[in-house]
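Chemist: Residue numbers are given in full-length UniProt numbering: position 56 of the sequence shown equals residue 56, and the series is strictly consecutive.
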Amino acid sequence: MKDILSDDTPNKDLAKESLDKVEESKDMTVQSVQDLALVVKDSTELASTLNEIDNFEKQYDELVSLYDEVFTVSSKSNHK
């Protein structure tokens, strides 16, 4: 992923916009599943889905950290 988001990435804004869209979709999905969990409490499939969402959220957080690391370091390097 760092190869894709390198210092010379021409579309930093596009990368951020894409990341924002992923976050919005993630939040909507999480809310929908949480709403469903209130209705269906004893479901192994629901528990599995909630676990998958937790994993997805962790992966998303890693992606955000990587984005911040690449572009924050890149910005600091460009300002020197």
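The beta carbon of each residue, even a glycine, is placed where N, CA and C say it ideally should be.
#1: Hey, could you find the ends of the alpha helix (DSSP H) S18 is sitting in?
#2: Nearest CA to the CA of M57: which residue from K16, K12, S25?
#3: Using 10 angstroms around the beta-carbon of V70, count the other beta-carbons present and answer buried if the total reaches 16, otherwise exposed.
#4: Between which residues of its own chain and Y60 is the CB-CB distance below 6 Å, once the five residues before and five after are set aside?
Modeler: So, from the listed chains and residues:
#1: 12–39
#2: First, the residue type needs correcting, since residue 57 is Glu and not Met in the sequence shown. Comparing Cα positions, the closest option is S25.
#3: buried
#4: K26
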